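Data block below; observations after.
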Amino acid sequence: MILDLRSQKLVGSMPSSIGNLTFLISINLRNNSFYGEIPMEIGNLLQLQHLNLTWNSFTGTIPSNLTYCKQLRSLALEYNRLVGNIPDQLNSLSKLNYLGFGSNNLTGNIPSWIGNFSSLRGLSLAINNLQGPIPQDIGRLSNLQIFQVYGNQLNGTIPKSVFNISSVYYFSVTQNLLYGELPSDIGLTLPNLEVFATAVNNFTGLIPVSLSNASKLSVIELSQNSLTGNVPTSLGQLQWLYRINFEINSLGSNRNEGLRFLYFLVNCTSLQVLSFEDNFLGGELPKTIGNLSTRLEIFGLGYNRIVGSVPAGLGNLVNLTRLSLDNNKFRGSVPESLGKLRHLQGLELNGNKFSGMIPSSFGNLTSLTTLHIEDNELEGNVPPELGQCTSLSVLNLTGNNLVGSIPKELAGLFSLSISLALANNSLTGSLPAEMRKLINLKEMDISHNKLSGEIPTTLSTCVSLDRFIANNNLFRGRIPESLKGLRGLEEIDLSHNNISGEIPDFLGKLPYLRKLDLSFNELEGKVPNDGIFANESAVSISGNHKLCGGPPNYNFPACPTQKDPASKKHIHTRIKEAIIISVTFLFLLLCSFAACYTVIRNSKKGDLSARSTRERQSEHFDDDEPTLANDPSLAAKITYQDIFKSTDGFSEDNLVGTGSFGSVYKGQFQVFDKVMAVKVLNLQQRGALKSFLDECRALKSIRHRNLLKIVAAGSSIDYQGNDFKCIVFEFMANGSLDDWLHSKTDEQYLNIIQRLNIAIDVASALDYLHNNCQVPIVHCDLKPSNILLDEEMTAHVGDFGLAKFLLKSNESWNKQTSIALKGSIGYISPGTGFAGEQATS
15 MILDLRSQKL
25 VGSMPSSIGN
35 LTFLISINLR
45 NNSFYGEIPM
55 EIGNLLQLQH
65 LNLTWNSFTG
75 TIPSNLTYCK
85 QLRSLALEYN
95 RLVGNIPDQL
105 NSLSKLNYLG
115 FGSNNLTGNI
125 PSWIGNFSSL
135 RGLSLAINNL
145 QGPIPQDIGR
155 LSNLQIFQVY
165 GNQLNGTIPK
175 SVFNISSVYY
185 FSVTQNLLYG
195 ELPSDIGLTL
205 PNLEVFATAV
215 NNFTGLIPVS
225 LSNASKLSVI
235 ELSQNSLTGN
245 VPTSLGQLQW
255 LYRINFEINS
265 LGSNRNEGLR
275 FLYFLVNCTS
285 LQVLSFEDNF
295 LGGELPKTIG
305 NLSTRLEIFG
315 LGYNRIVGSV
325 PAGLGNLVNL
335 TRLSLDNNKF
345 RGSVPESLGK
355 LRHLQGLELN
365 GNKFSGMIPS
375 SFGNLTSLTT
385 LHIEDNELEG
395 NVPPELGQCT
405 SLSVLNLTGN
415 NLVGSIPKEL
425 AGLFSLSISL
435 ALANNSLTGS
445 LPAEMRKLIN
455 LKEMDISHNK
465 LSGEIPTTLS
475 TCVSLDRFIA
485 NNNLFRGRIP
495 ESLKGLRGLE
505 EIDLSHNNIS
515 GEIPDFLGKL
525 PYLRKLDLSF
535 NELEGKVPND
545 GIFANESAVS
555 ISGNHKLCGG
565 PPNYNFPACP
575 TQKDPASKKH
585 IHTRIKEAII
595 ISVTFLFLLL
605 CSFAACYTVI
615 RNSKKGDLSA
625 RSTRERQSEH
635 FDDDEPTLAN
645 DPSLAAKITY
655 QDIFKSTDGF
665 SEDNLVGTGS
675 FGSVYKGQFQ
685 VFDKVMAVKV
695 LNLQQRGALK
705 SFLDECRALK
715 SIRHRNLLKI
725 VAAGSSIDYQ
735 GNDFKCIVFE
745 FMANGSLDDW
755 LHSKTDEQYL
765 NIIQRLNIAI
775 DVASALDYLH
785 NNCQVPIVHC
795 DLKPSNILLD
805 EEMTAHVGDF
815 GLAKFLLKSN
825 ESWNKQTSIA
835 LKGSIGYISP
845 GTGFAGEQAT
855 S
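When we follow the numbering used here, the leftmost residue of the sequence shown carries the number 15, and every step to the right adds one.
This is the structure in structure tokens:
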């Protein structure tokens, strides 16, 4: 009898009654959501031959009662949450041909009795917390084909007997504490190798030349060790190679022949990954580099000692997604041919001595997400064609000799979301107004240039900005008051400019500001006392000779007592009147009564003028009292008092739920005459403010029956004088889908029709967000707790705090994708099965 329930999306625990199915010979529950402990009663299944519980959430220890299942051929418990040691009782399962305990939380040593399983062909103990050495007895497994112990804390050397198991084709000991030299004859003793991975250990010595004898080798992973010597040219004989990773070793000798192996790798027509970053490879890149496999996706030579120019033939590798040549000694111009690499996502040319201009052909790289060209000797203007790179999220041109203005095409590149770094150049002109489009940008560094003009007020739309570095330029004018909306700012550096006016009070109220440098400008007036200004070590304002006051440690002179402008005018008027009287007295001695009358009349006019001036000065008053600021697109206007009253002072009785960034209350609003839901932000939580802004921005312009409707959004001051922000939604009477799916009562049960209707509702909402919005929106946090049900059980998708906007380019959606080596460095994912299937990162 066979029980096969794999990939059925089942949830629950395994019943102990399964031990009554004594005729079972196979159980396959792979890829479900079972949890709880594996029942000991499973040991009653004396005829069981195959047990597969992989990809579930089983906890507890491995049942020792499995020792009674002496007919077991395969025992697969990978990808669960099992703990404890591997039970010694299992040493009686002598018929096993596959033993898989990988990706759990097992501890202890690898039992030496595993060496008694003479029929064993697959052993997977990877990604646990196993310690100690690899037992010598493993070498007695003469039929072993898969040996996976990566991702543990094993130490010592690999027993020579293990290297003599000629049947092994998958060998991975990556990410342990192993050391020693790799045997020089490894390709002879392991001739069937297809995957050989010893990365992230402490191996020393040379790369075995004999590896070329293992003609089926497709993956060689030796990164992050201490290997020395040259890369064997014989690797070019391995025609099935598609991944070579030797990064972070000590290969090469800084000599010209260090790159000689590249001539021979042109024979490896299946190559996809080729990385030798962070070694000591020297010499020039061969002109034949363009003859490497056109399947090559990742080519890494960064952090070496390579000299000369970059061959134009690199442009022939049209499927490259990442090219890193950074931190070498390259000279000459950057080849225009790199513009042919249309699939390129990451390009790293920084830390060399490239000269000439940035190729305009880079505008063809529409898939590019990161571009690093900093610390070179490039000249000329920043090409406006870079504005065509509509997937670009990181651009770093720092430390070159670039001139001219910042192109408006680049300044308005909406995709820039991580960093825009143009520092240490000779750029001129003012900041383009198009920078208002950089609403997702985290960091802007334009320091050490010759930029001028005023800091644009439109930067206030860059609401995601964490760092704004603009020191050592020629900026003038005041610090815009509009920047107070950038409440996520952590660092501001405007030092060494010509900025004037007073220090704005809002700088002391930015909640996350950790560093502020306004030194060497022309600022004047009083230094604020609150916020970051209370921390002297976090603020630099020296070199502003007209500042006064502030905390005592700043040692600025006390500010002069401010006098009433009307009083000053009155004093000036009295002086004027005294002068007029004196002149009039002398004039009376020389002139007639008529002349005296004229002087008196003029004096009265002066009094009237002074009085009128005083009245005009007293008329101007700026009421800056904070009020609840609603989005213009929202219909209702409410006050903090309304919210406090409707929720009974935010009573726990009205608390609906809590989340990462705040709490949700229900309240009876008089202004709406019905119950509403209020999401109150916890502004002490890092990221809450950004979540609030993102959610408002996402919801204010979308309307759909299956999206949670936002009624009002407010920003005010609470009764304690603290910032207060909230969003008011329609109240969903039936709670969340998560409550119904995981309810422990019979009252909350969804029948098949209701589940289908909810699925259709959610699909309709997603279709609208992805295909029918003016700017497509990706929710990024869709889960049952964010799907709410109204009185009629209609589903509404809510919580858009992590939502992202996408732009459309070339009829495909741009995505920010990873550009690193597939999988973690030095990591090879386990085979999906034991019958010869291979899966690599």
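Where is the CB? At the ideal position from N, CA and C, for every residue including glycine.
Computed from a prediction, not measured in an experiment: that's the story for all the values here.
query: What beta strand (DSSP E) runs, 3 residues minimum, are completely inside the segment 707-741?
result: Correct list: 724-731.
- prompt: Would you say residue 793 and residue 780 are within 9 Å of each other, going by their C-beta atoms?
  reply: Here residue 793 is taken as the residue at index 779 of the sequence shown, counted from 1. Here residue 780 is taken as the residue at index 766 of the sequence shown, counted from 1. Their beta carbons are under 9 Å apart, which means residue 793 touches residue 780 by this criterion.
- request: Sort out for me which residues DSSP pairs residue 690 with in a bridge.
  value: To locate residue 690, count along the sequence shown from 1; it is residue 676. 681 and 744, per the DSSP bridge assignment.
field: Per-residue DSSP class, three states only, for residue 295
entry: Residue mapping note: residue 295 aligns to position 281 of the sequence shown, counting from 1. In this structure, DSSP gives residue 295 a state outside helix and strand, which the three-state scheme calls coil.
field: Among 301, 218, 271 and 434, nearest to residue 260 - alpha-carbon criterion
entry: Within the sequence shown, residue 260 is the residue found at index 246, counting from 1. Nearest Cα to residue 260 within the set 301, 218, 271 and 434: 218.
query: From residue 437 to residue 565, what does the alpha carbon distance come to, in whole angstroms?
result: Position 423 of the sequence shown, counting from 1, holds the residue named residue 437. Position 551 of the sequence shown, counting from 1, holds the residue named residue 565. Each residue's Cα considered, the two are about 33 Å apart.
- request: Let me know the secondary structure DSSP gives residue 161 once reduced to three states.
  value: Taking the first residue of the sequence shown as position 1, residue 161 is located at position 147. Strand.
field: Cβ distance (whole Å) where residue 750 is taken to contact residue 798 below 8 Å
entry: What you label residue 750 is simply residue 736 of the sequence shown in a count that begins at 1. What you label residue 798 is simply residue 784 of the sequence shown in a count that begins at 1. About 6 Å separates the two Cβ atoms, so the contact holds.
query: If you run the structure through DSSP and keep just helix, strand and coil, what is residue 389?
result: For the purposes of this step, residue 389 is taken as the residue at position 375 of the sequence shown. Coil at residue 389, not helix or strand.
message: I believe residue 96 touches residue 120 by the beta-carbon criterion, under 8 Å. Please report the beta-carbon distance rounded to the nearest angstrom.
response: Taking the first residue of the sequence shown as position 1, residue 96 is located at position 82. Taking the first residue of the sequence shown as position 1, residue 120 is located at position 106. Between residue 120 and residue 96 the Cβ distance is about 6 Å, and since that is below 8 Å, they are a contact.
- prompt: Which value, in whole angstroms, describes the spacing of the CA atoms of residue 337 and residue 312?
  reply: For this step, residue 337 is matched to residue 323 along the sequence shown. For this step, residue 312 is matched to residue 298 along the sequence shown. Whole-angstrom Cα-Cα distance: 6 Å.
- prompt: Any idea if residue 739 is buried or exposed, counting beta-carbon neighbours within 10 angstroms, 16 or more meaning buried?
  reply: For the purposes of this step, residue 739 is taken as residue 725 along the sequence shown, with counting starting at 1. Burial call: buried.
query: Among residues of its own chain, excluding the 5 on either side of residue 650, which ones have a beta-carbon nearer than 7 Å to its beta-carbon?
result: Within the sequence shown, the letter at position 636 stands for residue 650. Bear in mind that a pLDDT of 43 at residue 650, under 50, signals an unreliable position, so the number given afterwards is only what the model happens to contain. Answer for residue 650: 685, 686, 725 and 726, listed in chain order.
query: Hey, is the segment 274-294 in contact with the segment 342-353, meaning 3+ C-beta pairs nearer than 8 Å?
result: Proximity of the segment 274-294 to the segment 342-353 falls short of the contact definition, fewer than three beta-carbon pairs being nearer than 8 Å.
message: With the cut-off set at 9 Å, would you say residue 231 and residue 276 are in Cβ contact?
response: Reading the sequence shown from its first residue, position 217 is the one you call residue 231. Reading the sequence shown from its first residue, position 262 is the one you call residue 276. Not a contact, by the Cβ cut-off of 9 Å.
message: Within the continuous alpha helix (DSSP H) that includes residue 425, where are the two ends?
response: Counting from one through the sequence shown, the residue named residue 425 turns up at place 411. Element bounds for residue 425: 422-425.
Classification of residue 509 by the beta-carbon crowding that lies within 10 angstroms, buried from 16 upward: Within the sequence shown, residue 509 is the residue found at index 495, counting from 1. When all chains shown are included, residue 509 counts as buried.
field: Cβ-Cβ distance between residue 466 and residue 487 below 9 Å
entry: As a working mapping, residue 466 is identified with position 452 in the sequence shown. As a working mapping, residue 487 is identified with position 473 in the sequence shown. Going by C-beta atoms, residue 466 is nearer than 9 Å to residue 487.
task: Quick one: which unbroken beta strand (DSSP E) runs of 3-plus residues sit fully inside the segment 283-370? Chain order, please.
output: For the segment 283-370, the full-length beta strand (DSSP E) segments reaching 3 residues or more read 287-289, 296-298, 312-314, 319-322, 336-338, 343-347, 360-362 and 367-369 along the chain.
message: Using a Cβ-Cβ cutoff of less than 6 Å, which residues in the same chain neighbour residue 50 once the five nearest sequence positions on both sides are dropped?
response: Residue numbering aside, residue 50 sits at position 36 when the sequence shown is read from its first letter. Excluding residues within five positions, the ones whose Cβ falls inside 6 Å are 27.
message: Is the beta carbon of residue 359 closer than 9 Å to that of residue 289?
response: Start at 1 with the first residue of the sequence shown, and residue 289 comes out as number 275. Start at 1 with the first residue of the sequence shown, and residue 359 comes out as number 345. Not closer than 9 Å, so no.
field: Coil, strand or helix - residue 13 by DSSP
entry: There is simply no residue 13 to check, as the chain begins at 15 and stops at 855 in what is shown.
Neighbour-count burial assignment, residue 207, 16 or more Cβ in a 10 Å radius: Numbered from 1 along the sequence shown, position 193 holds the residue referred to as residue 207. Result: buried.
message: Please report the straight-line C-alpha distance between residue 551 and residue 389, rounded to a whole angstrom.
response: Taking the first residue of the sequence shown as position 1, residue 551 is located at position 537. Taking the first residue of the sequence shown as position 1, residue 389 is located at position 375. Here the alpha carbon of residue 551 sits roughly 30 Å from the alpha carbon of residue 389.
Whole-angstrom distance between residue 67 and residue 20, CA atom to CA atom: For the purposes of this step, residue 20 is taken as residue 6 along the sequence shown, with counting starting at 1. For the purposes of this step, residue 67 is taken as residue 53 along the sequence shown, with counting starting at 1. Between residue 20 and residue 67, the C-alpha separation is close to 9 Å.
query: Can you give the Cα-Cα distance for residue 151 and residue 233, rounded to whole angstroms?
result: Taking the sequence shown and counting its residues from 1, one reaches residue 151 at position 137. Taking the sequence shown and counting its residues from 1, one reaches residue 233 at position 219. Looking at the two C-alpha atoms, the distance is approximately 27 Å.
task: Compute the Euclidean distance between the alpha carbons of residue 343 and residue 428, then round it to the nearest angstrom.
output: Mapped onto the sequence shown, residue 343 falls at position 329. Mapped onto the sequence shown, residue 428 falls at position 414. If I take the Cα positions, the gap works out to 34 Å.
Residue 717 beta carbon less than 9 Å from that of residue 778: Within the sequence shown, residue 778 is the residue found at index 764, counting from 1. Within the sequence shown, residue 717 is the residue found at index 703, counting from 1. No; because the gap between Cβ atoms is not below 9 Å, this pair is not in contact.
message: Give me the residue from 267, 523 and 228 with the minimum Cα distance to residue 241.
response: Start at 1 with the first residue of the sequence shown, and residue 241 comes out as number 227. For the set 267, 523 and 228, the Cα lying nearest the Cα of residue 241 is the one of 267.
task: Have a look at the DSSP bridge pairing and note the partners of residue 514.
output: Within the sequence shown, residue 514 is the residue found at index 500, counting from 1. Beta-bridge partners assigned by DSSP to residue 514: 536.
- prompt: Where does residue 49 sit, in a helix, a strand or coil, going by DSSP?
  reply: Position 35 of the sequence shown, counted from the start, is the residue given in the question as residue 49. Judged by DSSP in its simplified three-state form, residue 49 adopts strand.
- request: Answer with buried or exposed for residue 384, where buried requires no fewer than 16 other C-beta atoms within 10 angstroms of its C-beta.
  value: Looking up residue 384 in the sequence shown gives position 370. In this structure residue 384 is buried. Its beta-carbon is surrounded by 16 or more other beta-carbon atoms within 10 angstroms.
field: Outcome for residue 365 when other beta-carbon atoms lying within 10 angstroms are tallied against a minimum of 16
entry: What you label residue 365 is simply residue 351 of the sequence shown in a count that begins at 1. Here residue 365 is buried: its Cβ has 16 or more other Cβ atoms, across all protein chains shown, within 10 Å.
task: Going by DSSP, name the residue or residues bridged to residue 457.
output: Numbered from 1 along the sequence shown, position 443 holds the residue referred to as residue 457. In DSSP, residue 457 forms a bridge with 433 and 481.
task: State the beta-bridge partners of residue 145 as determined by DSSP.
output: Walking along the sequence shown from the start, residue 145 turns up at place 131. Per DSSP, the beta bridge partners of residue 145 are 123 and 167.
field: Inside the segment 159-245 only - beta strand (DSSP E) runs reaching at least 3 residues
entry: Taking 3 residues as the shortest admissible run, the segment 159-245 contains the following complete beta strand (DSSP E) segments, listed from N- to C-terminal end: 160-162, 167-170, 184-186, 191-195, 209-211, 216-220, 233-235 and 240-242.
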